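Colleague:
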Amino acid sequence: MASLGEFDFIGQFLKSQAAQGQPFFESPFALGIGDDAALIPPLPAGEQMVMATDMLVEGRHYRPDVDPESLGHKVLAVNLSDLAAMGARPVAFTLAAAMRSIDPDWLTAFLKGLFTLARKSQCPLIGGDTVGLHADAPQSFTVTVIGAVPQGKALLRSGLQPDDDLWVSGSLGDAAYAVSRWVPDVKLDWPDPRLALGHRLSGLATAAIDISDGLSAELRHLLEASSTRHSIALGASLDWQRLPLGPSLRAAVDTQTITEDRARIFAATGGDEYELLFTAAPSAREQIAAIGNDLSLRLTRIGQVSKAPVAPCGIQWSDSQGQPIRAELAAECAQGGFDHFKS
Ligand code: ADP
Ligand code: MG
């Protein structure tokens with residue numbers, strides 16, 4: 004195929020596919036790709052708008068030889084995961100693409116991953132920007148997603164209360180375990196944003212966050228946000244044995260490839276999981292279990308919020324006898340988390 008330009012890309016690759024299977028465009032007030040800006044129909048009364056942006060940068064978040072279909076899926080999935088963590092439903096998204104060239108095969112695969120998830124989540128692409136880069140510059144893809152949530156009902160990081168239960172969806176650690184071995188993994192490459200769970204938790208959970216940087220780091224974010232809001236020091240006690248290990252980690256423990264403690268470190272600190280970590284009052288236990296059943300999604304109660312900090316960073320891990328786990332393990336858990344500007 005002859006080399007394609009920016010406007011061929013927008014016209015042939017984006018515009019034609021963006022509206023397929025998207026009820027959003029049934030509204031006379033909706034406008035997608037093609038004008039100077041997109042138009043979003045008014046939200047139903049009683050809902051407020053939610054927005055989030057996440058970018059994926061080559062060499063930073065993904066390898067140059069990444070499967071383009073999974074990358075297209077992932078750049079939307081990580082944004083939808085942020086909506087899920089707010090208890091919001093998706094409305095629409097934009098895509099900013101900075102690319103060295105327009106490679107039709109690569110882009111066809113990328114857009115297949117992107118549009119398949121967009122249709123599944125009823126979240127149409129309504130605009131964006133496209134920039135050509137120098138030959139040695141890293142490519143990047145940035146999605147801004149718009150969602151809606153019942154007014155005042157968004158799940159915030161700052162909402163947790165002393166004595167709340169701590170819950171986590173799905174299983175943990177497989178994505179980081181895959182990264183450590185340089186192997187592909189469904190969790191890592193095809194994250195499944197927990198939108199249905201987030202929606203059901205709105206009005207029930209007290210706080211929520213999605214696990215992109217690891218459970219331990221995300222829990223610290225929850226505790227910090229809530230401690231600031233309530234002006235009291237909050238901590239958490241967690242049950243080391245209850246951490247739900249991913250299937251690859253489980254198998255690796257069963258075959259004695261790694262120790263159970265090593266597997267639990269992966270589960271406690273591994274990023275790229277896109278599960279929800281959330282808190283709720285103990286009185287909500289039955290309702291939460293019922294939601295897990297309805298959605299066929301494992302929901303595990305892994306600990307409890309406490310009033311005073313119980314350990315460095317306020318997080319205390321205990322074994323099944325209620326004894327603190329070994330200091331070296333606890334220290335490794337406390338190190339989890341990622342800051343782009345700290346090494
Ligand atoms: P402008 O010069 O007004 O910014 P552009 O030429 O950048 O317009 O874009 C033309 C149209 O194509 C706009 O509607 C814009 O939203 C859309 N568009 C450009 N790049 C993308 C992209 N990567 N994804 C989706 N829509 C895009
Ligand atoms: Mg533009």
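Count the sequence shown with the numbering used here and you get residues 4 to 346, in order. Beta carbons are placed, not taken as given, at the ideal position from N, Cα and C, and that holds for glycine. These numbers were taken from a predicted model, which means no experiment stands behind them.
Report the residue ranges of all beta strand (DSSP E) runs contained in full by the region 103 to 140; include only those spanning at least 3 residues, in chain order.
Modeller: DSSP runs (the beta strand (DSSP E)) wholly in the region 103 to 140: 128 to 135.
Colleague: Can you give, in chain order, each stretch of the beta strand (DSSP E) that sits fully within the region 20 to 61 and has at least 3 residues?
Modeller: Entirely contained in the region 20 to 61, the beta strand (DSSP E) runs reaching 3 residues are, in chain order, 50 to 60.
Colleague: Does M4 come out as helix, strand or coil in the three-state DSSP assignment?
Modeller: To locate residue 4, count along the sequence shown from 1; it is residue 1. Because the pLDDT at M4 is just 46, under 50, the model does not fix this residue reliably, and the point stays unresolved.
Colleague: Under 8 Å between the Cβ atoms of G150 and A41?
Modeller: Here residue 150 refers to the residue found at position 147 of the sequence shown. Here residue 41 refers to the residue found at position 38 of the sequence shown. No, the Cβ-Cβ distance between G150 and A41 is not below 8 Å.
Colleague: Mind checking who Y65 pairs with in its DSSP beta bridge?
Modeller: Locating residue 65 in the sequence shown gives position 62, where the first residue counts as 1. Bridge partners of Y65: E61.
Colleague: Which first and last residues belong to the beta strand (DSSP E) in which F281 is found?
Modeller: Numbered from 1 along the sequence shown, position 278 holds the residue referred to as residue 281. Taken as a continuous stretch (DSSP letters only), the beta strand (DSSP E) holding F281 covers 279 to 283.
Colleague: From this set, L74, D257, R184, which residue's C-alpha is nearest D192's C-alpha?
Modeller: Position 189 of the sequence shown, counting from 1, holds the residue named residue 192. The residue with the shortest Cα to Cα distance from D192 is L74.
Colleague: Just to confirm the assignment, what range does the beta strand (DSSP E) spanning A210 have?
Modeller: Taking the first residue of the sequence shown as position 1, residue 210 is located at position 207. 210 to 213 is the extent of the beta strand (DSSP E) around A210.
Colleague: So, using beta-carbon positions, are L279 and S161 closer together than 8 Å?
Modeller: Residue 279 sits at position 276 when you count from the first residue of the sequence shown. Residue 161 sits at position 158 when you count from the first residue of the sequence shown. No, the Cβ-Cβ distance between L279 and S161 is not below 8 Å.
Colleague: Just to confirm the assignment, what range does the alpha helix (DSSP H) spanning A87 have?
Modeller: Counting from 1 along the sequence shown, the entry for residue 87 is found at position 84. Where A87 is concerned, the enclosing alpha helix (DSSP H) stretches over 71 to 89.
Colleague: Would you please state the rounded distance, in angstroms, between the beta carbons of H76 and L120? I believe it to be under 8 Å.
Modeller: Here residue 76 is taken as the residue at index 73 of the sequence shown, counted from 1. Here residue 120 is taken as the residue at index 117 of the sequence shown, counted from 1. Contact flag correct, Cβ pair sits at about 5 Å.
Colleague: I need the straight-line Cα distance from G201 to L222, nearest angstrom please.
Modeller: Residue 201 sits at position 198 when you count from the first residue of the sequence shown. Residue 222 sits at position 219 when you count from the first residue of the sequence shown. When rounded, the distance between both Cα atoms is 17 Å.
Colleague: With distances taken from CA atoms, which of D139, L136, L86, D68 is nearest W109?
Modeller: Start at 1 with the first residue of the sequence shown, and residue 109 comes out as number 106. The shortest Cα separation from W109 among D139, L136, L86, D68 belongs to D68.
Colleague: Would you identify the three-state DSSP class for S321, choosing helix, strand or coil?
Modeller: As a first step, residue 321 is located in the sequence shown; it is residue number 318 there, counting from the start. S321 falls in the strand class under three-state DSSP.
Colleague: Are D195 and D188 close, meaning C-beta to C-beta below 8 Å?
Modeller: Sequence index remark: in the sequence shown, residue 195 carries index 192 (1-based). Sequence index remark: in the sequence shown, residue 188 carries index 185 (1-based). No, Cβ-Cβ distance for D195 and D188 is not below 8 Å.
Colleague: Any chance the region 252 to 264 sits against the region 137 to 152, with 3 or more Cβ pairs inside 8 Å?
Modeller: Cβ pair count under 8 Å is below three, so no.
Colleague: Which residues in the same chain have their Cβ closer than 6 Å to the Cβ of L46, if we skip the five residues on either side of it in sequence?
Modeller: Here residue 46 corresponds to residue number 43 of the sequence shown, with the count starting at 1. Once the five neighbours on either side are set aside, the close Cβ partners of L46 are A151.
Colleague: Have a look at the DSSP bridge pairing and note the partners of A95.
Modeller: As a working note, residue 95 is residue 92 in the sequence shown. A95 pairs with I149.
Colleague: Terminal residues of the continuous beta strand (DSSP E) containing G238?
Modeller: Reading the sequence shown from its first residue, position 235 is the one you call residue 238. Taken as a continuous stretch (DSSP letters only), the beta strand (DSSP E) holding G238 covers 238 to 242.
Colleague: Would you mind giving the Cβ-Cβ distance between A91 and V53, rounded to the nearest angstrom? I have them listed as a contact below 8 Å.
Modeller: The residue you call residue 91 lines up with position 88 of the sequence shown. The residue you call residue 53 lines up with position 50 of the sequence shown. At roughly 4 Å, the Cβ-Cβ gap stays under 8 Å, so A91 and V53 are in contact.
Colleague: Could you tell me if the beta carbon of T133 falls within a distance shorter than 7 Å of some heavy atom in the ligand ADP?
Modeller: The residue labelled residue 133 in the question sits at position 130 within the sequence shown. T133: yes, Cβ under 7 Å from the ligand ADP.
Colleague: Taking 7 Å as the cut-off, is the C-beta of A95 nearer than that to any heavy atom in the ligand ADP?
Modeller: By 1-based counting over the sequence shown, the position of residue 95 is 92. For the ligand ADP, not one heavy atom lies less than 7 Å from the Cβ of A95.
Colleague: By the three-class DSSP mapping on this structure, what secondary structure does R304 have?
Modeller: Taking the first residue of the sequence shown as 1, we reach residue 304 at position 301. Of the three classes helix, strand and coil, the one that applies to R304 here is strand, per DSSP.
Colleague: Quick check: does the Cβ of I36 come within less than 7 Å of any heavy atom belonging to the ligand ADP?
Modeller: Within the sequence shown, the letter at position 33 stands for residue 36. Because some heavy atom of the ligand ADP lies under 7 Å away, the Cβ of I36 counts as near it: yes.
Colleague: For D168, report the span of its beta strand (DSSP E) as first-last.
Modeller: Along the sequence shown, one-based indexing puts residue 168 at 165. Residues 168 to 172.
Colleague: Output the distance between the C-alpha atoms of T260 and A48, rounded to the nearest integer angstrom.
Modeller: On the sequence shown, position 257 is the one that residue 260 refers to. On the sequence shown, position 45 is the one that residue 48 refers to. If I take the Cα positions, the gap works out to 55 Å.
Colleague: Suppose the cutoff is 6 Å on Cβ atoms and the five residues either side in sequence are ignored; what does the same chain contact list for A112 look like?
Modeller: As a working mapping, residue 112 is identified with position 109 in the sequence shown. Cβ neighbours of A112 beyond the five flanking positions: P71, E72.
Colleague: Please determine whether the Cβ atom of D39 lies at a distance below 7 Å from any heavy atom of the ligand ADP.
Modeller: The sequence position of residue 39 within the sequence shown is 36, counting from 1. Yes; taking the cut-off as 7 Å, the Cβ of D39 has a heavy atom of the ligand ADP nearer than that.
Colleague: Given D38, which residues of its chain have a CB within under 6 Å of its CB, disregarding the five upstream and five downstream residues?
Modeller: Looking up residue 38 in the sequence shown gives position 35. Nothing meets the Cβ criterion.
Colleague: Within the region 243 to 299, note down every full beta strand (DSSP E) run reaching 3 residues or more, in order along the chain.
Modeller: Fully enclosed beta strand (DSSP E) runs of 3 or longer: 279 to 283.
Colleague: According to DSSP, is F16 helix, strand or coil?
Modeller: Position 13 of the sequence shown, counted from the first residue, corresponds to residue 16. In the structure shown, F16 sits in a helix (DSSP, three-state: H, G or I).
Colleague: Quick check: the Cα distance between V182 and V81, rounded to an integer number of angstroms?
Modeller: For this step, residue 182 is matched to residue 179 along the sequence shown. For this step, residue 81 is matched to residue 78 along the sequence shown. If I take the Cα positions, the gap works out to 17 Å.
Colleague: Around the C-beta of E331, are 16 or more other C-beta atoms found within 10 angstroms, so that it is buried, or is it exposed?
Modeller: By 1-based counting over the sequence shown, the position of residue 331 is 328. Label assigned to E331: exposed.
Colleague: Exposed or buried, F281, counting other C-beta atoms within 10 Å across all chains shown (16 or more means buried)?
Modeller: The residue you call residue 281 lines up with position 278 of the sequence shown. It is buried - the Cβ of F281 has at least 16 other Cβ atoms within 10 Å.
Colleague: For A101, which beta-bridge partners are listed by DSSP?
Modeller: As a working mapping, residue 101 is identified with position 98 in the sequence shown. Answer is V134, S143, bridged to A101.
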